[in-house]
Ligand SMILES: Cc1cc2nc3c(=O)[nH]c(=O)nc-3n(C[C@H](O)[C@H](O)[C@H](O)COP(=O)(O)O)c2cc1C
């Protein structure tokens, strides 16, 4: 039986509508990326956990694996000018790799309880200390205890639909070009190509 890829995509895509900014630091090197993989990692309200999935191709993956700490931020859609600040974070962290230069220098940050940088222009955040990892060949799925959290402003959470609609066309083209080698690397790590 052939796999119905259309049905798989229909079922799986868009399950997590909130883009999050993930930051971390290891031995003096701070970095961050955008992710659509974040989720709650447990049901115990007084001891929350968070999960994220990071692709091995990305520098942030290596830094979180090495440090065991990260901050996961929600971005704001409202009130004005929150959208502008949120898109600046999305484009700054999600469009290029920290391997090519310091992406966090342009943002206002402060160290959290783990030492990882909190983005002051975000809507809210949780800080995670990793308690478990799952090696997914192309990625690592991290499960972390929430050891810090904060609400930085009032406003609505930014969803990926309105974010894409407001992103400049040139940036989207650059993002899609950057995605090609990442996908190739993922296929190689899964043993799907040579
Ligand atoms: C909306 C959006 C969602 C993304 N989701 C993920 C994700 O879940 N996991 C991941 O590793 N990268 C994800 N990325 C890609 C990284 O953010 C991107 O490759 C980044 O440039 C990596 O930077 P780094 O090498 O400095 O870590 C996403 C990017 C965007 C724009």
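Numbering (this note's numbering), first residue to last: 251 to 444.
Every residue gets a Cβ at the ideal spot worked out from N, C-alpha and C, and that includes glycine.
Once the 5 residues before and after residue i are set aside, which same chain residues still bring their CB inside 6 Å of it?
{"i": "residue 313", "result": "274, 276, 281"}
{"i": "residue 388", "result": "436, 439, 440"}
{"i": "residue 399", "result": "376"}
{"i": "residue 291", "result": "299, 300, 301, 393"}
{"i": "residue 307", "result": "432, 435"}
{"i": "residue 309", "result": "281, 347, 348, 349"}
Counting along the chain, where does the beta strand (DSSP E) carrying residue i start and finish?
{"i": "residue 377", "result": "374-385"}
{"i": "residue 291", "result": "Counting along the chain, residue 291 falls outside any beta strand (DSSP E), and DSSP gives it neither H nor E."}
{"i": "residue 369", "result": "367-369"}
Using the three-state DSSP reduction, which class does residue i fall into: helix, strand or coil?
{"i": "residue 208", "result": "The structure shown does not extend to residue 208, since the chain spans only 251 to 444, so no value can be given for it."}
{"i": "residue 241", "result": "Within the shown structure, residues of the chain are numbered from 251 to 444, placing residue 241 beyond reach of any answer."}
{"i": "residue 401", "result": "strand"}
{"i": "residue 284", "result": "strand"}
{"i": "residue 279", "result": "strand"}
{"i": "residue 340", "result": "helix"}
{"i": "residue 355", "result": "coil"}
{"i": "residue 255", "result": "helix"}
{"i": "residue 406", "result": "coil"}
{"i": "residue 350", "result": "helix"}
Less than 8 Å between C-beta atoms, sequence neighbours within five positions excluded: which residues of the same chain meet that for residue i?
{"i": "residue 405", "result": "326, 327, 328, 329, 332, 373"}
{"i": "residue 397", "result": "363, 364, 377, 378, 379"}
{"i": "residue 416", "result": "333, 337"}
Just to check my reading of the structure: residue i and residue j have Cβ atoms closer than 8 Å, yes? What is that Cβ distance to the nearest angstrom?
{"i": "residue 392", "j": "residue 301", "result": "7 Å"}
{"i": "residue 343", "j": "residue 283", "result": "5 Å"}
{"i": "residue 287", "j": "residue 303", "result": "4 Å"}
{"i": "residue 272", "j": "residue 285", "result": "5 Å"}
{"i": "residue 368", "j": "residue 321", "result": "5 Å"}
Provide the residue span of the alpha helix (DSSP H) that contains residue i, from first to last.
{"i": "residue 317", "result": "309-317"}
{"i": "residue 304", "result": "It is not in any alpha helix (DSSP H) - residue 304 instead sits in the beta strand (DSSP E) that spans 299-305."}
{"i": "residue 415", "result": "410-416"}
Between residue i and the rest of its own chain, which residues show a CB-CB distance below 7 Å, the 5 nearest in sequence each way excluded?
{"i": "residue 424", "result": "345"}
{"i": "residue 401", "result": "374"}
Quiz prompt | At least 3 beta-carbon pairs within less than 8 Å: the stretch 376-391 vs the stretch 254-267 | solution = no
Self-check item: Touching by the beta-carbon criterion (3+ pairs, under 8 Å), the stretch 408-416 and the stretch 428-444
Solution: These segments do not touch.
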